[in-house]
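Read the structure below first, then the notes.
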Amino acid sequence: MSRIDMTANQQLPNSHVAPQEACYSVSNNANRALKILLQASQSELPTEFFRYSKDVVFDGRSTTGDSVCFPCPLRQQEACAALKALEGCAVAAIADLQRKKCYRKIIVSLEQVTCFLMSAYITTLDGLDKSNPKIRDRLPDTDLHDAQSILYRRLSAGLYETRNAGVFYHIHGSLDASTTLSMIGLPPFLPGLTDYGQCIKTIESSVKRFSTSELELRNQRFRQAGVAALTQEQYRETPHGRTLNSLPPYTIRSLEESTPPIPFEGQENRAERYQCLRGIRVIELCRVIAGPTIGRSLAAHGASVLKVTSPQIPDVPFFQLDVNFGKHATSLHLKDPADRAIFDALLVTADVIIDGYRPGVIARLGYSPEVLALKAAQRRRGVIYVAEDCFGGSGVPGAEWSGRAGWQQIADCVTGVAWEQGSFMGLNEPVVPPFPMSDYGTGSLGTIIALAGIYRRAIQGGSWICHCSLSQYNLFLLSLGSYPTEVQDELRRLHDPRFFELRHSDSVDEVGKRALHSIRRLHPRLFTDSVMQSTYSAGFDGIVRWPREALDVDGLRIGHVRATRPNGFDNPTWEGWEEDKTLLDA
1 MSRIDMTANQ QLPNSHVAPQ EACYSVSNNA NRALKILLQA SQSELPTEFF
51 RYSKDVVFDG RSTTGDSVCF PCPLRQQEAC AALKALEGCA VAAIADLQRK
101 KCYRKIIVSL EQVTCFLMSA YITTLDGLDK SNPKIRDRLP DTDLHDAQSI
151 LYRRLSAGLY ETRNAGVFYH IHGSLDASTT LSMIGLPPFL PGLTDYGQCI
201 KTIESSVKRF STSELELRNQ RFRQAGVAAL TQEQYRETPH GRTLNSLPPY
251 TIRSLEESTP PIPFEGQENR AERYQCLRGI RVIELCRVIA GPTIGRSLAA
301 HGASVLKVTS PQIPDVPFFQ LDVNFGKHAT SLHLKDPADR AIFDALLVTA
351 DVIIDGYRPG VIARLGYSPE VLALKAAQRR RGVIYVAEDC FGGSGVPGAE
401 WSGRAGWQQI ADCVTGVAWE QGSFMGLNEP VVPPFPMSDY GTGSLGTIIA
451 LAGIYRRAIQ GGSWICHCSL SQYNLFLLSL GSYPTEVQDE LRRLHDPRFF
501 ELRHSDSVDE VGKRALHSIR RLHPRLFTDS VMQSTYSAGF DGIVRWPREA
551 LDVDGLRIGH VRATRPNGFD NPTWEGWEED KTLLDA
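Positions 1 to 586 (the working numbering) are the ones given, in order, by the sequence shown.
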């Protein structure tokens with residue numbers, strides 16, 4: 001597929017369209033995105049990270065790599081390529097603390113960035129992908145409340161029109177649909193309702209009984225995730241939107257300054273190319289995609305990442321296949337005294353905590369950042385606490401929605417991303433974009449700040465609290481502007497007509513499935529072995545195929561030494577972890 005040729009782009013008043021080039025290049029615009037990201041990050045990251053940006057190369061040598069691949073108006077490929085580049089700058093800076101090198105070339109593969117953004121949809125187990133009904137029999141059932149497996153309940157997470165024509169609200173049953181369905185006056189289960197269209201009609205008819213303000217009140221009362229679908233302009237006019245727009249894409253703050261610097265040890269005796277986070281221990285308290293993506297990326301740099309989930313709390317079964325690479329995964333219920341004792345023992349030598357729950361959930365269990373910083377001070381070794389959530393702004397005056405529950409679709413709707421997608425599709429209504437791209441982008445934000453915290457601890461000592469959110473990723477994405485008109489026109493011409501038949505109420509599964517079908521036709525190279533890799537997973541008892549890492553840094557090895565596994569597969573210990581270093585060379 002050739003790159004998109006463009007003619008003159010006319011800037012409209014108040015438009016967010018970037019200046020046009022003679023031939024649109026993702027790599028050139030990834031460079032522009034990196035400059036914007038670096039400028040936005042000045043107050044938050046170690047100054048040493050920035051000097052490596054001159055060594056970044058965006059590899060768009062193949063036609064596919066330098067093409068806009070998604071049927072979307074926003075620059076997702078460029079945004080994530082910039083984030084991966086900054087991740088590369090961070091690990092280069094860490095590596096230079098370990099072994100000084102005059103020059104470290106940082107290469108970001110644009111093809112693999114594209115695959116990263118749709119990883120959950122292209123990862124397979126014995127050839128079975130997310131949409132194949134046979135995959136259910138191959139995965140441990142962590143869908144404890146049938147929120148994923150029963151279509152009617154699955155569609156309790158959806159975007160529907162309200163009582164006011166042209167006003168839309170995204171309800172979200174999270175991982176237990178019963179409360180949300182009851183909240184809008186529907187029974188938790190309707191065994192006879194199995195038709196996709198009828199499920200949508202039934203749920204939307206109930207949502208249409210309410211105004212947005214009434215749904216907001218019910219959301220608050222029942223503590224559900226849900227939000228009105230706002231345009232960019234509407235979001236910026238809210239107190240929360242104004243506050244978040246004043247913040248950088250992430251924040252890093254000191255928790256305590258009493259603990260000494262913790263230098264990296266033993267790297268001088270390692271192989272010529274090595275993983276720079278070897279010896280770093282990470283506890284991941286997360287579900288679904290965004291938070292676990294942080295852990296997966298840290299594992300690719302050599303960290304020992306232990307994912308801790310409760311057997312009593314649901315998770316999406318298939319996503320574990322995608323996000324659990326490189327880790328160990330164990331089950332502990334932190335309300336059980338015996339399990340708490342085990343968890344406390346794990347904390348003694350942990351360096352990084354990743355918290356992907358609603359703000360305050362882990363704190364109420366007794367493991368707030370402040371409590372963990374106190375424990376770190378007592379052991380004389382600082383801790384890095386990475387908090388990832390939906391709305392952002394935790395602890396910031398004016399961020400009135402910071403404590404709300406939310407997911408990728410909620411962030412896409414509240415910040416204006418869904419309205420941008422719908423408008424691109426020729427609709428006067430919002431549509432949630434294909435694939436959980438803001439999840440993966442947020443995972444990249446979290447990876448960068450985790451690396452920054454680790455770096456600061458090595459240089460300055462202390463403990464650090466790092467915040468990122470789905471909404472902050474979306475604001476960075478929106479700051480890059482939409483594609484020029486001619487690019488959008490060409491995307492509409494190239495992609496399958498069936499994709500553009502989608503409406504606001506179509507599920508994320510349907511949107512993703514149609515987009516993927518179109519991308520497979522247009523960009524078959526993205527699905528070849530040059531971009532994907534395979535290995536046997538004992539945990540899933542089959543061959544898993546997943547995207548290769550998008551980043552290459554001189555002197556470093558980046559990739560996983562453990563196959564993916566289900567939640568709860570491993571014992572809760574730091575000892576005796578297996579390694580398969582051949583995966584790094586596959």
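We put the CB at the ideal spot given by N, CA and C, even for glycine.
Can you tell which of PHE318, GLN488, THR309 and MET118 has the C-alpha that lies nearest to the C-alpha of ARG340? As a first step, residue 340 must be located in the sequence shown, where it is residue number 340. For ARG340, the nearest C-alpha among the options comes from THR309.
Kindly indicate the opening and closing residues of the alpha helix (DSSP H) around LEU217. Locating residue 217 in the sequence shown gives position 217, where the first residue counts as 1. Where LEU217 is concerned, the enclosing alpha helix (DSSP H) stretches over 212-222.
Using 8 angstroms as the cut-off, can you tell me whether the segment 334-348 makes contact with the segment 216-227, which would need three or more C-beta pairs spanning the two stretches below that distance? no
Of the choices PHE210, SER53 and PRO71, whose alpha-carbon is the least far from that of ARG520? Translated into the one-based positions of the sequence shown, residue 520 becomes position 520. For the residues PHE210, SER53 and PRO71, the minimum Cα distance to ARG520 belongs to PRO71.
Say whether the segment 74-92 touches the segment 526-545, bearing in mind that this needs 3 or more beta-carbon pairs closer than 8 angstroms, one atom from each stretch. Contact between the segment 74-92 and the segment 526-545 is not established, with fewer than three Cβ pairs separated by less than 8 angstroms.
Boundaries of the alpha helix (DSSP H) in which ARG253 is found, first to last residue: For the purposes of this step, residue 253 is taken as the residue at position 253 of the sequence shown. Unbroken run through ARG253 is the beta strand (DSSP E), 251-256; no alpha helix (DSSP H).
Identify, in the order they occur along the chain, each residue of the same chain with its Cβ nearer than 6 angstroms to the Cβ of PRO140, setting aside the five sequence neighbours on each side. In the sequence shown, counting from the first residue as 1, residue 140 sits at position 140. Hits under 6 angstroms: PRO566.
Tell whether a beta-carbon distance below 8 angstroms holds between ARG273 and GLY356. Here residue 273 refers to the residue found at position 273 of the sequence shown. Here residue 356 refers to the residue found at position 356 of the sequence shown. Not in contact: ARG273 and GLY356 (Cβ atoms no closer than 8 angstroms).
For SER15, three-class secondary structure by DSSP: Here the question's residue 15 lines up with position 15 in the sequence shown. Confidence at SER15 is low in this model, with a pLDDT of 34, below 50, so its placement is unreliable and the value that follows should be read with caution. Correct three-state label for SER15: coil.
Segment limits, beta strand (DSSP E) that includes ASP552: Counting from one through the sequence shown, the residue named residue 552 turns up at place 552. Element bounds for ASP552: 551-553.
Quick one: which unbroken beta strand (DSSP E) runs of 3-plus residues sit fully inside the segment 410-483? Chain order, please. 463-469
Take GLN587 as the anchor and find which of GLU486, PRO436, LEU526 and ILE448 has the nearest alpha-carbon. In the structure displayed, the chain extends from 1 to 586; residue 587 sits before or after that span and is not available.
Proximal residues to ARG381 (C-beta, below 7 angstroms), its chain only, five neighbours per side dropped: Within the sequence shown, numbered from 1, the residue matching residue 381 stands at position 381. Once the five neighbours on either side are set aside, the close Cβ partners of ARG381 are THR259 and ILE262.
Considering only the alpha carbon of each residue, which of ARG136, PRO369 and PHE424 lies closest to ASP126? As a working mapping, residue 126 is identified with position 126 in the sequence shown. Nearest option by C-alpha distance: ARG136.
Of the choices CYS276, PRO133, GLY426 and SER246, whose alpha-carbon is the least far from that of GLU87? Working through the sequence shown from its first residue, we reach residue 87 at position 87. Of the listed residues, the one whose Cα sits closest to GLU87 is CYS276.
State yes or no: is the C-beta of GLN488 within less than 8 angstroms of the C-beta of PHE540? Along the sequence shown, read from residue 1 onward, the residue named residue 488 stands at position 488. Along the sequence shown, read from residue 1 onward, the residue named residue 540 stands at position 540. Contact flag unset, no.
Do ARG456 and PRO46 have their CB atoms nearer than 8 angstroms? Sequence index remark: in the sequence shown, residue 456 carries index 456 (1-based). Sequence index remark: in the sequence shown, residue 46 carries index 46 (1-based). Contact: yes.
Is the beta carbon of SER211 less than 8 angstroms from the beta carbon of THR162? Along the sequence shown, read from residue 1 onward, the residue named residue 211 stands at position 211. Along the sequence shown, read from residue 1 onward, the residue named residue 162 stands at position 162. Yes, Cβ-Cβ distance for SER211 and THR162 is below 8 angstroms.
Hey, how far is the Cα of LEU502 from the Cα of TRP577? Here residue 502 refers to the residue found at position 502 when the sequence shown is read from its first residue. Here residue 577 refers to the residue found at position 577 when the sequence shown is read from its first residue. Each residue's Cα considered, the two are about 46 angstroms apart.
Among TYR152, SER331 and SER213, the one whose alpha carbon lies nearest that of SER182: Taking the first residue of the sequence shown as 1, we reach residue 182 at position 182. Comparing Cα positions, the closest option is TYR152.
Name the two residues that bound the continuous alpha helix (DSSP H) containing ALA147. Stepping through the sequence shown from its first residue, residue 147 is reached at position 147. It is not in any alpha helix (DSSP H) - ALA147 carries neither H nor E in the DSSP assignment.
In the DSSP assignment, the alpha helix (DSSP H) including LYS494 goes from what residue to what residue? Numbered from its first residue, the sequence shown carries residue 494 at position 494. According to the sequence as given, residue 494 is Leu; it is not Lys. Per DSSP, LEU494 belongs to the alpha helix (DSSP H) from 485-494.
Using a Cβ-Cβ cut-off of 7 angstroms (strictly less than) and excluding sequence neighbours within five positions of ALA300, which residues of its own chain qualify? Walking along the sequence shown from the start, residue 300 turns up at place 300. For ALA300, where only same-chain residues beyond five positions count, the Cβ hits under 7 angstroms are GLY326, GLU549, ILE558, GLY559 and HIS560.
Taking its Cβ as the centre, do 16 or more other Cβ atoms sit within 10 Å of VAL348, making it buried, or is it exposed? As a working note, residue 348 is residue 348 in the sequence shown. Exposed.
For GLU21, count neighbouring C-beta atoms within 10 Å of its own C-beta (all shown protein chains included) and say buried if the count is 16 or more, exposed if not. Looking up residue 21 in the sequence shown gives position 21. At GLU21 the pLDDT is 42, less than 50, meaning the model places this residue with poor confidence and gives no usable figure here.
What number of angstroms, rounded off, separates the C-alpha of ILE384 from the C-alpha of ILE353? Residue numbering aside, residue 384 sits at position 384 when the sequence shown is read from its first letter. Residue numbering aside, residue 353 sits at position 353 when the sequence shown is read from its first letter. For the pair ILE384 and ILE353, the Cα-to-Cα distance works out to about 6 angstroms.
Let me know the secondary structure DSSP gives GLY366 once reduced to three states. Mapped onto the sequence shown, residue 366 falls at position 366. Note: GLY366 maps to coil in three-state DSSP.
Find the nearest neighbour of ASN571 within the set PHE319, ALA329 and ILE283, judged by alpha-carbon distance. The count along the sequence shown starts at 1 and reaches residue 571 at position 571. Comparing alpha-carbon positions, the option among PHE319, ALA329 and ILE283 lying closest to ASN571 turns out to be ALA329.
Would you tell me roughly how many angstroms separate the C-alpha atoms of VAL108 and GLY60, rounded to the nearest one? On the sequence shown, residue 108 is found 108 positions in, with the first residue counted as 1. On the sequence shown, residue 60 is found 60 positions in, with the first residue counted as 1. Going by the C-alpha atoms only, they are around 9 angstroms apart.
Report the rounded CA-to-CA distance for GLU265 versus GLN98, giving the unit in angstroms. Stepping through the sequence shown from its first residue, residue 265 is reached at position 265. Stepping through the sequence shown from its first residue, residue 98 is reached at position 98. Cα to Cα, the separation comes out at about 8 angstroms.
Round the Cβ separation of GLY443 and ILE294 to the nearest angstrom and send it over; I've been treating them as touching at under 8 angstroms. Position 443 of the sequence shown, counted from the first residue, corresponds to residue 443. Position 294 of the sequence shown, counted from the first residue, corresponds to residue 294. Going by Cβ atoms, the distance from GLY443 to ILE294 rounds to 5 angstroms, so yes, they are a contact pair.
Complete beta strand (DSSP E) runs within the segment 280-326 (minimum length 3 residues, chain order): Runs of the beta strand (DSSP E) lying entirely within the segment 280-326, each at least 3 residues long, are 281-285 and 304-309 in chain order.
In angstroms with no decimal places, state the Cα-to-Cα distance between ASP96 and SER43. In the sequence shown, residue 96 corresponds to position 96, counting from 1. In the sequence shown, residue 43 corresponds to position 43, counting from 1. The straight-line gap from Cα to Cα measures roughly 22 angstroms.
Counting C-beta neighbours from all protein chains within 10 Å, is the total for THR415 16 or more, i.e. buried, or is it exposed? Working through the sequence shown from its first residue, we reach residue 415 at position 415. Looking at its Cβ environment, which holds 16 or more other Cβ atoms inside 10 Å, THR415 is buried.
Have a look at ASN474 and GLU388 and give me their C-alpha separation to the nearest angstrom. The count along the sequence shown starts at 1 and reaches residue 474 at position 474. The count along the sequence shown starts at 1 and reaches residue 388 at position 388. Roughly 14 angstroms between the two C-alpha positions.
Taking the beta carbon of THR573 as the centre, do at least 16 other beta carbons fall within 10 Å, making it buried, or is it exposed? Residue mapping note: residue 573 aligns to position 573 of the sequence shown, counting from 1. So THR573 ends up on the exposed side.
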